[in-house]
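Residues 1 to 160 (UniProt numbering) make up the sequence shown, in order. For every residue, glycine included, the Cβ atom is placed at its ideal position computed from N, Cα and C.
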Amino acid sequence: MTQGSSSARITLDNERVVGAISPFLFGGFAEHMGRCVYGGMYDPESPQADEQGFRRDVQAALREMGISILRYPGGNMLSGYDWRDGVGPKDQRPRRRELAWQSIETNQFGTNEFIEYCRATGIEPMLGVNMGTGTIADAAALVEYCNAPAGTKYADMRVA
1 MTQGSSSARI TLDNERVVGA ISPFLFGGFA EHMGRCVYGG MYDPESPQAD EQGFRRDVQA
61 ALREMGISIL RYPGGNMLSG YDWRDGVGPK DQRPRRRELA WQSIETNQFG TNEFIEYCRA
121 TGIEPMLGVN MGTGTIADAA ALVEYCNAPA GTKYADMRVA
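See below:
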């Protein structure tokens with residue numbers, strides 16, 4: 001140490017509780033890249049799939065890891081994703097070029113499937129909003145879709 005400097009000391013007291021740790025600290029995200037969603041969480045053709053196409057083995061692994069909250073969509077895909085493409089009858093959902101990974105997004109796993117997946121797995125859902133190509137109005141429409149009672153455009157899409 002040089003003249004005029006002082007020393008510092010850190011003391012840890014593992015008996016002192018500063019506050020509770022939020023259970024939502026232990027989360028993750030689900031991105032449509034590789035086999036995270038298609039072929040991973042959701043694979044109707046898998047022998048591990050339930051009647052909704054959710055793979056039971058992946059759900060068990062998420063529970064075992066203690067995942068308490070899951071964000072969807074996650075990662076780069078979100079910056080070009082329109083949540084409206086992933087709701088409604090599956091046979092009417094558009095197939096689009098996914099801008100981040102340059103793949104085809106089938107939209108067979110969307111908002112409704114994600115919410116059901118989280119409910120079935122015991123995980124708190126967190127929905128991301130597109131702030132890349134999307135707008136605040138798009139984000140507000142998603143909130144309306146998920147939370148508003150019937151009688152509005154997007155709530156009526158949900159209850160249909």
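Asked: Buried or exposed (CB count within 10 angstroms, at least 16 for buried), Glu64; Found: exposed
Asked: Straight-line gap, Phe114 to Gly40 (C-alpha atoms, nearest Å); Found: 13 Å
Asked: Spatial neighbours of Ala30 in its chain, beta-carbon cut-off 8 Å, leaving aside the 5 residues before and after; Found: Cys36, Val37, Met41, Leu70, Arg71, Tyr72, Pro73, Gly74, Phe114
Asked: Inside the segment 41-112 only - alpha helix (DSSP H) runs reaching at least 4 residues; Found: 56-65
Asked: Cα-Cα separation between Asp156 and Val87, rounded to whole angstroms; Found: 12 Å
Asked: Within 8 Å, strictly: CB atoms of Phe26 and Ser79; Found: no
Asked: Contacts around Asn112, its chain only, beta-carbon distance under 7 Å, and the 5 residues preceding and following it disregarded; Found: Val87
Asked: Arg158 CB to nearest heavy atom of the ligand ATP below 7 Å; Found: This structure lacks the ligand ATP, and indeed carries no ligand of any kind.
Asked: Three-way DSSP call (helix, strand, coil) for Pro23 in this model; Found: helix
Asked: Closest Cα partner of Gln52 within the set Ile21, Thr152, Ala120, Ala137; Found: Ala120
Asked: First and last residue of the uninterrupted alpha helix (DSSP H) at Glu31; Found: Per DSSP, Glu31 belongs to no alpha helix (DSSP H) and is neither H nor E.
Asked: Delimiting residues of the beta strand (DSSP E) encompassing Met126; Found: 124-127
Asked: Own chain residues within Cβ distance below 6 Å of Tyr154, not counting five before or after; Found: Ala141, Glu144, Tyr145
Asked: CA nearest to the CA of Asn76, picked from Asp50, Leu99, Gly110, Thr106; Found: Leu99
Asked: Cβ-Cβ separation, His32 to Glu105 (assumed contact under 8 Å), whole Å; Found: 6 Å
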